[in-house]
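Residue numbers (the numbering used here): 8 to 223.
Every residue, glycine too, gets a C-beta built ideally from N, C-alpha and C.
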C-alpha cells in the first residue's frame, strides 16, 4: 500500500514543479516545438560547460502547462510542447511555488542570482500546432568581483533576429553534421520542413524592418 502512495506523491510533486518536455523527438500529430539556445560566459570567454534551468508556462490556471527547461551552455534545445500561449517564468519548488533565485552552474561552480525582471516582462509566445517557435538564446555572464566578493551574474534572453537566425541555421546544419549525436540529426531531419518555414518567416520579418527611424 505504501508503494502506490509513494509513487502518487512523486507524480504530484513532479507535476507541481513542472515536467521536462521531450527533447530532440520527432514531431507528433498536432504537437509543437520551441527552439532555444544557451550561452554561459566567463570573463575569459565562453565557458566549456554550463547549466541553467527556466520554466515555460502557459495560461489557464490549474490546467496550465508547466514545463521545466534544462539548458546546457553551447547547445541548442528543441523541446516539444503543447500548443498554447506561454511565458518564460522562474523554476518552481517541489510544492509548486516560483523560486526567486536563478541557479547556474558554470565550469563546475554553482552561482545564484535573483531571477531577472527582464525575463518576467518578456512578451508571451503563441505556440501554434506543428510549428517551431524560435525563442532566442539565453545568455548567462559571470563577472568576478574586483574585491573578492560575490560575482555578478547577468542573464538576458537575446531574441534578436540575428540570435534567432543563428539557432535555426545551426539546427538545420545539424542534419548533415556527423559529429552530432544520431538523435539530434534525426530530429533535425524530422523537423526539417518546420525549421525551413521558421527560417523563411524570420527572413520575411527582417525584410519588413525599417532601415531607419523617422524623425520625431
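Segment limits, alpha helix (DSSP H) that includes residue i
i, result
"residue 191", "189-197"
"residue 37", "Unbroken run through residue 37: none, as it is neither H nor E."
"residue 163", "Unbroken run through residue 163 is the beta strand (DSSP E), 159-165; no alpha helix (DSSP H)."
"residue 178", "168-180"
Identity of the residue in the options nearest residue i by Cα
i, options, result
"residue 95", "181, 129, 121 and 111", "129"
"residue 48", "74, 79, 72 and 36", "79"
"residue 2", "144, 101 and 62", "The structure shown does not extend to residue 2, since the chain spans only 8 to 223, so no value can be given for it."
"residue 44", "35, 184, 83 and 66", "83"
"residue 92", "126, 66, 114 and 107", "66"
"residue 109", "70, 131, 58 and 103", "58"
"residue 147", "28, 81 and 73", "81"
"residue 89", "61, 213, 100 and 28", "28"
"residue 209", "115, 106 and 173", "173"
"residue 104", "73, 200 and 149", "73"
Buried versus exposed, by CB contacts within 10 Å (16 or more), residue i
i, result
"residue 170", "buried"
"residue 64", "buried"
"residue 6", "Beyond the ends of the chain as shown, which are 8 and 223, falls residue 6; an answer cannot be given."
"residue 21", "Since pLDDT at residue 21 reaches only 49, below the 50 mark, its modelled position is unreliable, and the value read off the structure follows with that caveat. With fewer than 16 other Cβ atoms within 10 Å, it is exposed."
"residue 25", "buried"
"residue 164", "buried"
Short Cβ contact (7 Å threshold) for residue i with residue j
i, j, result
"residue 86", "residue 142", "no"
"residue 175", "residue 202", "yes"
"residue 31", "residue 205", "no"
"residue 191", "residue 181", "yes"
"residue 34", "residue 197", "yes"
"residue 113", "residue 54", "yes"
"residue 118", "residue 179", "no"
Span of the beta strand (DSSP E), counted from its first residue to its last, around residue i
i, result
"residue 82", "82-88"
Cβ-Cβ separation, residue j to residue i (assumed contact under 8 Å), whole Å
i, j, result
"residue 229", "residue 123", "Since the first and last residues shown for the chain are 8 and 223, residue 229 lies out of range."
"residue 62", "residue 70", "Their Cβ separation, rounded to whole angstroms, is 16 Å, which puts residue 62 and residue 70 out of contact at 8 Å."
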